[in-house]
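Working notes, structure below.
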Amino acid sequence: MINSYAFLLTTINSLSEHIVVIDRTGLIRFVNRAWTQFGQENSCPTMDWTDVNYLAVCDSSADYGEEFSSAAAKGIRNLIAAGQGVFNFEYPCNSPDEVRWFMMTVKPFDYLSETYFLISHQNITKRKAAEEAVMALSRLDGLTGIFNRRWFNEFLAAEWNRCARLQVPISLAMIDIDFFKLLNDHYGHQAGDDCLIRIAETLSSQGKRPGDICARYGGEEFVYVFGNTNIEQAMVVLERLMAEIRQLQIPNEKSTVLPTVTVSIGLAMMYPQETNTLKELINLADKRLFAAKLKGRNQIVST
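Structure (structure tokens):
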């Protein structure tokens, strides 16, 4: 006859998921072999896990700035208070060599008049990578390969909020290819597409910081976000950008500015506060772009 306890323990230890059981106080009462091995492989060689409080470990990680640990602890505590239901939570757990994602699932169960909570951690890195690949494609403009307007709107809103928290400026440039319709009509739409691609490549070569992105706004218009950047700092990048675009020597002989492609740029900066809005920043940059066109194009207007 099969020894039921030994059989059950062997079964649980054969699972690839990392299993841990805690009581209502967060104290660990059981871990499976996968949990122990993962700890040993990731600089956590604790052997007697029953002396560890799972929630205390989450709180300690949260104190070091790991927001997902705080969210996990909150979710588990809410489940403990309710005593029923299921808590699911996806979180990053990167190693020095790879990006990893796990799914935490927490379920309560009763044993000898006590309530315990089974926590499983499943590696979902492959699934997450596939999801992020699809998401990345949805953020890109189909022709130029740079970010599209949809992602620009999401990114700009997030960067606006970040700059508001830090009380630092955010700058936005609206960039328009001068006389692009004349280029399209004279050389054909394939030449127009090639022009857009080359301009996008030049734009994307400038942004190096996490708070900076460029995107195709629509047609021949592009946008550039500069997080934590004032007018003077943004002008340095944009003037270099204009020079590089002129150096491309893309033919546009019908243009009244130069026989090659040029751009006009409207630049605006704000310190995000309660007294202004993201929409006002966009409108101001657009207004200055219009002013650049009225003044003869091939220039930047920032005031």
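In our numbering, the protein residues as written are 270 to 572.
Glycine included, each C-beta is placed from N, C-alpha and C at the ideal position.
query = For M372, which residues from the same chain have a beta carbon less than 6 Å from its beta carbon, with the 5 sequence-adjacent residues on both sides left out?
reply = E359, Q391 and I393
message = Beta-carbon within less than 8 Å of R431's beta-carbon, same chain only, minus the 5 sequence neighbours each way: which residues are those?
response = G480 and G496
key: Contacts around F307, its chain only, beta-carbon distance under 6 Å, and the 5 residues preceding and following it disregarded   = H287
query = What residue from K343, R408 and D445 has the CA that sits closest to F559's CA?
reply = D445
task = Flag this pair as touching only if the region 536-551 and the region 501-509 have three or more C-beta atom pairs under 8 Å; answer yes or no.
result = yes
task = May I ask you to report which of helix, strand or coil DSSP gives C327?
result = helix
query = Are any of the Cβ atoms in chain D nearer than 8 Å to that of K343?
reply = Absent from the structure is chain D; it holds one protein chain and no more.
task = Determine the contact status of P528 and P541, defining contact as a CB-CB distance below 8 Å.
result = no
request  = Just the C-alpha distance for L284 and A303, rounded to the nearest angstrom, thanks.
outcome  = 7 Å
ask   = With respect to the beta strand (DSSP E) encompassing I439, which residues constitute its N-terminal and C-terminal limits?
value = I439 to I446
request  = Can you give me the start and stop residues for the beta strand (DSSP E) that I482 sits inside?
outcome  = D481 to G487
query = Tell me which same chain residues have a C-beta within less than 7 Å of the C-beta of T384, skipping the five on either side of it?
reply = R293, G352 and P377
ask   = Which residues mark the beginning and the end of the alpha helix (DSSP H) in which Y385 is found?
value = Where Y385 is concerned, there is no enclosing alpha helix (DSSP H), although the beta strand (DSSP E) it sits in stretches over E383 to N392.
message = Comparing C-alpha positions only, which one of S440, E543, E470 and K450 sits nearest to T498?
response = S440
request  = List the endpoints of the continuous beta strand (DSSP E) containing I288.
outcome  = H287 to I291
request  = Output the distance between the C-alpha atoms of N311 and D328, rounded to the nearest integer angstrom.
outcome  = 19 Å
ask   = Once you ignore the five residues that flank L472 on each side, which residues in its own chain have a CB closer than 8 Å to its CB?
value = I415, I444, C483, F491, Y493 and L510
ask   = Which whole-angstrom value describes the C-beta separation of F386 and I297, a residue pair presumed to lie in contact below a C-beta threshold of 8 Å?
value = With 8 Å as the limit, F386 and I297 do not qualify as a contact, their Cβ atoms being about 10 Å apart.
message = For E543, count the other beta carbons within 10 Å of its own beta carbon; 16 or more makes it buried, fewer makes it exposed. Which is it?
response = exposed
query = Are the Cβ atoms of I514 and T525 separated by less than 8 Å?
reply = no
task = Would you mind reading off the limits of the beta strand (DSSP E) that contains G533?
result = It is Ser, not Gly, that sits at residue 533 in the sequence shown. Segment V532 to M539, the beta strand (DSSP E) holding S533.
Rounded straight-line distance, which links the Cα of R396 to that of W370 = 9 Å
task = Leaving out five residues on either side along the sequence, give the residues of the same chain with a beta carbon under 6 Å from the beta carbon of F356.
result = G344, L348 and V375
Cβ separation of L412 and L465, assumed to be a contact under 8 Å, to the nearest whole Å = 6 Å
inquiry  = Between which residues of its own chain and S571 is the CB-CB distance below 7 Å, once the five residues before and five after are set aside?
reply    = I500, M504, L536 and R557
message = Could you tell me the alpha carbon to alpha carbon distance between H455 and K562, rounded to whole angstroms?
response = 21 Å
message = Which of the three DSSP states is assigned to K556 in this structure?
response = helix
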